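Undergrad: Residues in the sequence shown are numbered consecutively from -15, following the working numbering.
Cβ atoms here follow ideal geometry from the backbone N, Cα and C, with glycine treated the same way.
The structure presented is a predicted model; accordingly, all values stated were derived computationally and were not measured.
Here it is: the structure, laid out below.
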Amino acid sequence: MPQAGPMAQSPFLGKRIGITGARGALGAALARCFRSAGAYVIGFTHGSIPPEQADGPHCWVSWSCGDEASLDADLKELDVLVLNHGINPQGGQSPEVINQALEINTLSSWRLMQRFEAISRASPQGYPKEVWINTSEAEIQPAVSPVYELTKRLLGQLVSIRGAALDATGREALILRKLVLGPFRSSLNPIGIMGADFVANQVLRQASWGFRLVIVTPNPLTYVLMPLTELGRRTYSRILSRPDR
């Protein structure tokens, strides 16, 4: 009996994928993986629109933090939104650095997630849309960058709380996947242990298996601590949740 090819078996075949931070090492690697899986990829960038490449996003959208509402028309066309943008201020800890990192690493992703959820609820399509949030291993492990750790942990906690508080309609409309990734090589971390392409392949593989908590790291402790942390946060949130407030 003939076997279906890898692309025919891919759950991403024909899907429209949006990736923020698509010009970075991981964003570019994710774009390559999604394209190989038969998806149509839209890259969201803060900079100038780069020329199309054979293995990069099919098209680009320019945006800026604080102006997330301008992306509504683009978000409506997506099946999966990958929130992957961020900065690493390294040792910078001035108020200006903290404000910038909070805005870029945490608040802009939080606002985009809320807008995408609202769009998903308003436009049911027979299957849920998905938002993948890259919180990184810094959510629970040191990253030699105090401000980066702070902003990623806050984002991770916001995602956990939102996931715990989603009502039945929200769970039918939107799937939340958290990406907890260890150190990979990039311009921000040239000595990272893992390659971005390896990480991206593992992310898509675990997502295709249905994992809501995607972990890719050489650190075995993270595979134990992160699920326990996530379970504790969600349980705590649900116990204290007041849906009428």
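Less than 6 Å between C-beta atoms, sequence neighbours within five positions excluded: which residues of the same chain meet that for residue 13?
TA: Closer than 6 Å at the Cβ level, and outside the excluded window around residue 13, lie 180, 181, 184.
Undergrad: From which residue to which residue does the alpha helix (DSSP H) around residue 99 run?
TA: Counting along the chain, the alpha helix (DSSP H) containing residue 99 begins and ends at 92 to 106.
Undergrad: Let me check understanding here. Comparing Cα to Cα, which of 71, 93, 96 lies closest to residue 84?
TA: Checked all of 71, 93, 96; the closest Cα to residue 84 is 71.
Undergrad: Following the continuous beta strand (DSSP E) through residue 46, name the residue where it begins and the one where it ends.
TA: Taken as a continuous stretch (DSSP letters only), the beta strand (DSSP E) holding residue 46 covers 43 to 46.
Undergrad: What residues are listed by DSSP as bridge partners for residue 210?
TA: Partner(s): none; residue 210 has no beta bridge.
Undergrad: Can you give the Cα-Cα distance for residue 209 and residue 161, rounded to whole angstroms?
TA: Answer to the nearest angstrom: the Cα atoms are 17 Å apart.
Undergrad: So, for residue 170: in the same chain, excluding its five sequence neighbours on each side, which residues have a beta-carbon less than 8 Å away from its beta-carbon?
TA: Only 8, 9, 10, 176, 180 meet the Cβ criterion.
Undergrad: Indicate the three-state DSSP secondary structure (helix, strand or coil) for residue 219 in the structure shown.
TA: In this structure, residue 219 counts as helix in the three-state DSSP scheme.
Undergrad: Can you grab the Cα-Cα spacing for the pair residue 211 / residue 197, in whole Å?
TA: In a straight line, the C-alpha of residue 211 is about 8 Å away from that of residue 197.
Undergrad: List in chain order: all unbroken alpha helix (DSSP H) runs of 4+ residues lying wholly within the stretch 4 to 92.
TA: Runs of the alpha helix (DSSP H) inside the stretch 4 to 92: 9 to 20, 56 to 59, 79 to 85.
Undergrad: Pair every Cβ in the stretch 97 to 105 with every Cβ in the stretch 37 to 47, then say whether three or more of these pairs are closer than 8 Å.
TA: Contact fails: fewer than three Cβ-Cβ distances are below 8 Å.
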